[in-house]
Amino acid sequence: MTEPVLKAKPRRTAPKLVGQVRNLIHQRDGVLTHDLVRAPGEFGLGQVPAKLKPDATTTMTCGFCSTGCGLNIHLRDGQAVNLSPATEYPVNLGMACPKGWEALNVLDAPDRATTPLLRGADGRLSPTSWDTAMSTFCDRMQAIQRQHGPESVAFLSTGQMPTEEQALLGALAKFGMGMVHGDGNTRQCMATAATAYKQSFGYDAPPFTYQDFEESDVIVLVGSNLCIAHPIMWERVLRNRNRPKIIVIDPRSTETAMAASKHLPLKPKGDLALFYAIAHVLARQGWIDRDFLDAHTTGYDGFAQHLQAYAPNAVAARTGIAPALVEEVADVIHRGERVSFWWTMGVNQSYEGTRVAQSLINLALMTGNIGRPGTGANSITGQANAMGSRLFSNTTCLYGGRDFENRADREHVAGVLGIDGARIPTQNSLPYHQILERVRAGKIRGLWFICTNPAHSWSQQADARALLKSLDFLAVQDMYHSADTAALADLVLPAAGWGEKEGTFINSERRLGVIKKVKQAPGEALSDFSIFRLIADRWGCGEMLSEWSSPEAAFEILKRLSVGTPCDFSGIENYLHLDRNGGIQWPCPAPAEGVAGQRRLFEDGRFYHADGRARFLFDPPTDMPEPPDRDYPYLLLTGRGTASQWHTQTRTSKSAVLRKLYPAGVYVEVNPGDARREGVRPQQRVWVASRRGRVAATAYVTPTIRPGQLFMPMHYPETNRLTLSHFDPHSHQPSYKDCAVRIEAIRGAEQRSPQKTATEAPSVSRSTYGD
Ligand SMILES: Nc1nc2c(c(=O)[nH]1)N[C@H]1C(S)=C(S)[C@@H](COP(=O)(O)OP(=O)(O)OC[C@H]3O[C@@H](n4cnc5c(=O)[nH]c(N)nc54)[C@H](O)[C@@H]3O)O[C@H]1N2
Ligand SMILES: Nc1nc2c(c(=O)[nH]1)N[C@H]1C(S)=C(S)[C@@H](COP(=O)(O)OP(=O)(O)OC[C@H]3O[C@@H](n4cnc5c(=O)[nH]c(N)nc54)[C@H](O)[C@@H]3O)O[C@H]1N2
Ligand code: SF4
Ligand SMILES: [Mo]
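Residue numbers 696 to 1466, in the working numbering, belong to the letters of the sequence shown in order.
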């Protein structure tokens, strides 16, 4: 875990050269030798480096992706010294990806925020006390509200904090501080799946359990690069003993596509037409489950009518998939006994993503592939606690999937919390992009970002940054003062990260898992939970939130809030209960006895709409708002680059090990034919330009990208300078994976400036804007 020492220095005390040489050759002791000594680790760990031998271990959930692997933390004197994947944890069964292995190391970094930072009259951020930070935060936010009304300040949070912190923030901001608008980075990520499920099933409920990866005989992966984005879920696929047919639907020949039985390299955004065409064949052949449709769904007949226009040959131009291949895939789905459909950002991040997600839900419903082992219409979540934020952050819904605009829901929540119902806003929050539009209109003037880094991750960066800079007050709560958004802030609040605080996460299969404090946060950094409590006290609403005294106390409140909703987890006694069971999936109503370790939803065919039936929802495909044209002839795809990079890289760039596993600077993948035509050689520096900006990148010439398309990973700040801000009309999720660009080789001096190596560039998340 610690960085290997590569060179052993000869002892300076050696008196003579000959002694030094002898020592060099025969040295039996030294830094390196010490580092290599191993010892029985005990606690079932096998051998471990002797100097990291633990005196205790504890298990907690990983803090990066939504897989939610269990990690065994090795402790010495109560502090984490090392970790290894937990063999008994039902999610990962002893496996972890590079990020999990390095999770502790990214906590120690020179750019950790260790004190609050306040922008002074000189325009610079300087350290300040918590006391000043709190009074500044409250005074400035309150002054804006006094002048411009309660709706003039808003917050934007995250799927990467424990549910307890998300929920306390939701109560503080909306019931305490009087904010109406608050959204999160979950909008960039999961809003489409959440909306699709709500409309189709009546509740935001991914139905699967990871065991389904092992039980299917047909696995359809849509817009999901599981091998690098969810490597341990992919490992679960590899454990499947049914020799499953794996069908990958992705414009690129991704790592996952290469490992599939069949890859459909569809034209970007050809999904809706393709899934309607597959459904058309199923309907035409009578390959449907009539009994299931009659008993458990509504709207199939209208859907069947809609499908008539989507014969495979009628949509081939739009999908780029030969009709025979569509027939073949329909046949595979028909023959499969346990067919599961999985999707991730290739679906969610689309201007028509909600309907695409529902076109997959429709396929599962019409073939009766739901509620049985190895089946389902399954959205894979992204961030460690995306599911917690979807249900309990008080952003897109009132706690537990309730509705701000429903009086009974508000009164219920007020009753559970023992607060005055009038404190609960009567309207839903604006979605993220409309909050930014209100900033543009001068109506929102104070913003508070918590655990998200939009100055890198939001689309159309020049515009996004201009909006952030136009604010009267920008507060950023982050682990690292170097985070791109923190660098623009008026006030930076230093936060403890994963491993430095307590709480629970909800993973992709609805499993609640615990995280624990196994390390001291650096300097004066505080857990987000403590920061929210400090703000509550200073704002004057501490009393109202007095029951939220600790994460575990907040967990008790959440249990009460979950009662009466599909995600009822009031049967979970406490953190220890989660710990003993390797996490517990919702629902888990009280009493918990008899609740199985692995569960999927809808086994009884009852969905969450009042009539118990799932809905068929559909619309015709719409046109891409910015298709390639003469000036910008390529379509830019974006997404994850490697298993070792996390989002805006504030965390993963801090690990020397991870830095060796990915390219240091931004690159663009170009098809060999296109490269030839554009005169671009492998590794050459190129300009990639869209209508919104131009960035320099290194060309990776590769046949994994189709002609006419380019791919850039989202982990580099350059990528979102090119993307176009446009959104799904139902979910308001950004469509990050389609905009028109052009590419040209850089000529002259700049071409010769070599790319820095990974180790020379410790932080790629730093902006190169020069602002
Ligand atoms: N290593 C690593 N793992 C991660 C993350 C990370 O940053 N790094 N982030 C986590 C998070 S928050 C998320 S949301 C997930 C994302 O996980 P994924 O969604 O699997 O990752 P992406 O690469 O964004 O997108 C998946 C694929 O969509 C394809 N795609 C683009 N356009 C289309 C289209 O029109 N149709 C179809 N069918 N496919 C298309 C892209 O080519 C890409 O291969 O990963 C999680 N895991
Ligand atoms: N072009 C393009 N853009 C994309 C995507 C894409 O595919 N293409 N994907 C989108 C998706 S799916 C997502 S999820 C977003 C992710 O976008 P972001 O949320 O902006 O990305 P992160 O780098 O995860 O930012 C998290 C921030 O929180 C900080 N942090 C970490 N832990 C803690 C904590 O415990 N407390 C506090 N206070 N701070 C903490 C980190 O240092 C970091 O600055 O990006 C989106 N942007
Ligand atoms: S797969 Fe996800 S949860 Fe598992 S170790 Fe890797 S980052 Fe952590
Ligand atoms: Mo995400």
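Beta carbons: idealized from backbone N, C-alpha and C, even for Gly. All values reported here derive from a predicted model rather than from experimental measurement.
Task: Pick from Y1357, R1437, D1326, A1338 that is closest to A1370, judged by C-alpha positions - done: R1437
Open item on the list: Are there any heavy atoms of ligand 1 lying less than 6 angstroms away from the beta-carbon of G879, as far as the coordinates show?
Closed with: no
Open item on the list: Given this structure, state the Cα-to-Cα distance separating G739 from R1067, to the nearest angstrom.
Closed with: 36 angstroms
Open item on the list: On the criterion of 16 or more Cβ atoms from any shown chain inside 10 Å, does S1152 qualify as buried, or is it exposed?
Closed with: buried
Task: Cα-Cα separation, N1101 to T1121 - done: 8 angstroms
TODO: Over the uninterrupted alpha helix (DSSP H) stretch that includes Y1431, give me the two end residues.
DONE: Taken as a continuous stretch (DSSP letters only), Y1431 belongs to no alpha helix (DSSP H), as it is neither H nor E.
- [ ] Take R1346 as the anchor and find which of Y1046, P805, A972 has the nearest alpha-carbon.
- [x] P805
Task: Selected residue, minimal CA-CA separation from M953, among P963, I941, H1107 - done: I941
Open item on the list: Which residues neighbour ligand 3 when neighbourhood means a C-beta less than 5 angstroms away from any of its non-hydrogen atoms? List them by chain order.
Closed with: C757, F759, C760, T762, C764, A791, C792, K794, G795, I927
- [ ] Kindly give me the distance between the Cβ atoms of L778 and L766, rounded to whole angstroms, as I take these residues to be in contact under 8 angstroms.
- [x] 5 angstroms
Task: Same chain only: Cβ atoms within 7 angstroms of H1176, ignoring 5 sequence neighbours per side - done: D806, A808, L812, V1187
Open item on the list: I'd like the ranges of any beta strand (DSSP E) spanning at least 3 consecutive residues and lying wholly in the segment 795 to 872.
Closed with: At a cut-off of 3 residues, the continuous stretches assigned as beta strand (DSSP E) that sit fully inside the segment 795 to 872 are 812 to 814, 820 to 822, 848 to 852.
Open item on the list: Tell me the DSSP secondary structure of K957 in three-state form.
Closed with: strand
TODO: Taking only runs that begin and end inside the segment 1021 to 1080, name each unbroken beta strand (DSSP E) of 3 or more residues, in chain order.
DONE: Counting only runs of 3 or more, we get 1034 to 1038, 1071 to 1074.
Task: Stretch pair the segment 1357 to 1374 + the segment 1421 to 1433: three plus CB contacts closer than 8 angstroms - done: no
- [ ] Output the distance between the C-alpha atoms of V700 and P744, rounded to the nearest integer angstrom.
- [x] Reliability fails at V700, whose pLDDT of 40 lies under 50, so the model's placement of it is uncertain and no value is given.
Open item on the list: Just checking C1146 against ligand 2 - is the residue's beta carbon closer than 6 angstroms to any of the ligand's heavy atoms?
Closed with: yes
Open item on the list: To the nearest angstrom, how far is the alpha carbon of V913 from that of G1031?
Closed with: 6 angstroms
- [ ] Could you pull out every unbroken beta strand (DSSP E) segment of at least 3 residues lying fully inside the segment 1351 to 1406, listed in chain order?
- [x] 1362 to 1365, 1380 to 1385, 1388 to 1396
- [ ] Measure the alpha-carbon distance for V1258 versus G1096 and round it to whole angstroms.
- [x] 11 angstroms
Task: Buried or exposed by the 16-neighbour rule on C-beta atoms within 10 Å, applied to K1355 - done: With a 10 Å radius around the Cβ and a threshold of 16 neighbouring Cβ atoms, K1355 comes out exposed.
Task: Residue from S1124, E859, F1406 with nearest C-alpha to M1082 - done: E859
TODO: Decide if A1117 is buried, meaning its Cβ has at least 16 other Cβ atoms within 10 Å, or exposed.
DONE: exposed
Task: H1151 (DSSP reduced to helix, strand or coil) - done: helix
- [ ] Quick one: residues in its chain with C-beta nearer than 7 angstroms to the C-beta of L712, no 5 flanking neighbours on either side, listed in chain order?
- [x] none
- [ ] For D1115, verify whether its CB is less than 6 angstroms away from any heavy atom of ligand 1.
- [x] no
Open item on the list: Taking DSSP's pairing of strands, which residues face S779 in a bridge?
Closed with: N767
TODO: Would you mind reading off the limits of the alpha helix (DSSP H) that contains D1104?
DONE: Run containing D1104: 1102 to 1112, per the alpha helix (DSSP H) assignment.
Task: Residue burial classification, E737 (beta-carbon count within 10 angstroms, cutoff 16) - done: exposed
- [ ] Report yes if the C-beta distance between Q894 and L1163 is below 7 angstroms; otherwise report no.
- [x] no
Open item on the list: Given the structure, does N1057 come close to ligand 2, in the sense that its CB is under 6 angstroms from one of the ligand's heavy atoms?
Closed with: Result no, Cβ not under 6 angstroms from ligand 2.
- [ ] May I ask whether a heavy atom of ligand 2 can be found less than 6 angstroms away from the beta carbon of A1178?
- [x] yes
TODO: Compare the C-alpha of A775 against each of L820, K1211, L1240, S761 and name the closest.
DONE: K1211
Task: For H769 and R1135, the rounded distance between their alpha carbons - done: R1135 and H769 have their C-alpha atoms roughly 49 angstroms apart.
- [ ] Answer yes or no: do P1126 and D826 have a C-beta to C-beta separation smaller than 7 angstroms?
- [x] no
Task: Host alpha helix (DSSP H) of T1199 (start-end) - done: Where T1199 is concerned, there is no enclosing alpha helix (DSSP H), although the beta strand (DSSP E) it sits in stretches over 1195 to 1201.
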